[in-house]
Amino acid sequence: MAIKVEHLNHIYGEGTAFEQYALKDVNVTIEDGQFVGLIGHTGSGKSTLIQHLNGLLRGSSGNIYYNGENIYSEGYDMKGLRSKVGLVFQYPEHQLFEVDVFSDVCFGPKNLGLSKDEIEERARGALELVGLDESFYRQSPFELSGGQKRRVAIAGVLAMRPQVLILDEPTAGLDPKGRDEILDEISALHQEKKMTIILVSHSMEDMARYADRLLVMNHGEKVFDDSPKQVFKHYKELEKMGLAAPQITYVVHELREHGVEIADDLTTVAEARDAILKALRK
97 MAIKVEHLNH IYGEGTAFEQ YALKDVNVTI EDGQFVGLIG HTGSGKSTLI QHLNGLLRGS
157 SGNIYYNGEN IYSEGYDMKG LRSKVGLVFQ YPEHQLFEVD VFSDVCFGPK NLGLSKDEIE
217 ERARGALELV GLDESFYRQS PFELSGGQKR RVAIAGVLAM RPQVLILDEP TAGLDPKGRD
277 EILDEISALH QEKKMTIILV SHSMEDMARY ADRLLVMNHG EKVFDDSPKQ VFKHYKELEK
337 MGLAAPQITY VVHELREHGV EIADDLTTVA EARDAILKAL RK
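For the sequence shown, counting from 1, position 172 maps to 268 in this note's numbering; every step adds exactly one.
Rendered as structure tokens:
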């Protein structure tokens, strides 16, 4: 197993009049090689949770295990953890600071004490994985488009050769083409490199298309943990939490109410198209 979270709590302002639970008794196990989607309304605790998984935040109580070791145990190698559990923040500017793209992607491997050749090899490989060729190497990362900045931020984490890649809203603010390109690249990493992916997103369509498993957070608590098909069956409960299901879910239920015999767990346009055509042929 890659990550195990046991009875994790995080309290802001603990012991003061402003005490508030950001996470409340969260329990979750994420196995190696899974593609996990994480959703929740603003303030649900999802971003707080992912920052615990590589030790950026420490829980008020509870434990987190990575490959069987408690990351809160005395003397645990947090630097080593962060090289294995990579986190890409929602705003790439928070992770970009070097004078050019290539130097930025080299920064992480350089801190691992690797040779110059190994550092540059990793940087080139990571940039290739995210679709940035040599023409970008000497450009300032701050002069790039939003989508290109995200690619550089992702490459900087990939150059560390992580086993787990956590992405917080990696497509926020991008146009549909840019969003699809980045998510397709992330999906390819999952499939080809067998990398564990944890993706935070507000797009239910993206979750239905890419994730194998969906975690839903609400007011600091985990309320659903199942396949996207099963989670989106609870679309009315999700609406009460300020969320929704993919648009096609509503179309499917409307058709069923009008007597069209199709399954109630269809979540993508392709699935619904095939099911409707099959129903019409009967």
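Every residue gets a Cβ at the ideal spot worked out from N, C-alpha and C, and that includes glycine.
Among the options, nearest to residue i - alpha-carbon criterion
{"i": "Gln147", "options": "Ala307, Leu183, Ala375 and Ala255", "result": "Leu183"}
{"i": "Gly164", "options": "Glu214, Gly171, Val101 and Gly221", "result": "Val101"}
{"i": "Leu376", "options": "Thr364, Ile358, Leu362 and Ile294", "result": "Ile358"}
{"i": "Gly252", "options": "Ser297, Ser179 and Gln287", "result": "Ser179"}
{"i": "Asp379", "options": "Phe185, Glu239, Gly209 and Lys175", "result": "This structure leaves residue 379 out entirely; the chain is present only between 97 and 378."}
{"i": "Glu317", "options": "Ile278, Ile99 and His106", "result": "His106"}
{"i": "Gly111", "options": "Ser143, Gly136, Ser156 and Arg369", "result": "Ser156"}
{"i": "Glu265", "options": "Gly171, Arg257 and Arg275", "result": "Arg275"}
{"i": "Leu225", "options": "Asp321, Ile294 and Glu288", "result": "Glu288"}
{"i": "Lys374", "options": "Asp361, Val356 and Asp360", "result": "Val356"}
Check whether residue i and residue j have beta carbons under 7 Å apart
{"i": "Ala341", "j": "Met300", "result": "yes"}
{"i": "Val327", "j": "Leu351", "result": "no"}
{"i": "Gly204", "j": "Ala255", "result": "yes"}
{"i": "Gly158", "j": "Leu177", "result": "no"}
{"i": "Thr363", "j": "Lys325", "result": "yes"}
{"i": "Val122", "j": "Leu104", "result": "yes"}
{"i": "His286", "j": "Phe131", "result": "yes"}
{"i": "Val181", "j": "Val124", "result": "no"}
{"i": "Gly269", "j": "Gly242", "result": "yes"}
{"i": "Met313", "j": "Lys175", "result": "no"}
{"i": "Ile344", "j": "Val319", "result": "no"}
{"i": "His137", "j": "Gly338", "result": "yes"}
{"i": "Thr144", "j": "Ala113", "result": "no"}
Beta-ladder partner(s) of residue i, from DSSP
{"i": "Phe185", "result": "In DSSP, Phe185 forms no bridge with anything."}
{"i": "Val312", "result": "Ile135 and Phe320"}
{"i": "Leu261", "result": "Gly182 and Ile293"}
{"i": "Ile99", "result": "Ile126 and Tyr162"}
{"i": "Gln116", "result": "Tyr108"}
{"i": "Ser169", "result": "Its beta-bridge partners do not exist; DSSP assigns none."}
{"i": "Ser157", "result": "Asn105"}
Residues of its chain near residue i, where Cβ-Cβ distance is below 6 Å and the 5 sequence neighbours each way are ignored
{"i": "Gln244", "result": "none"}
{"i": "Arg218", "result": "Pro205 and Ala255"}
{"i": "Asp229", "result": "none"}
Own chain partners of residue i with C-beta closer than 8 Å, once the 5 adjacent residues on each side are dropped
{"i": "His354", "result": "none"}
Supposed contact pair residue j and residue i - C-beta distance, whole angstroms, cut 8 Å
{"i": "Asp302", "j": "Leu279", "result": "6 Å"}
{"i": "Phe193", "j": "Tyr233", "result": "No, Phe193 and Tyr233 are not in contact; Cβ-Cβ is about 16 Å, not under 8 Å."}
{"i": "Leu149", "j": "Ile262", "result": "6 Å"}
{"i": "Asp200", "j": "Pro237", "result": "5 Å"}
Contacting residues, own chain, Cβ-Cβ under 7 Å from residue i (five flanking each side not counted)
{"i": "Arg305", "result": "Thr364"}
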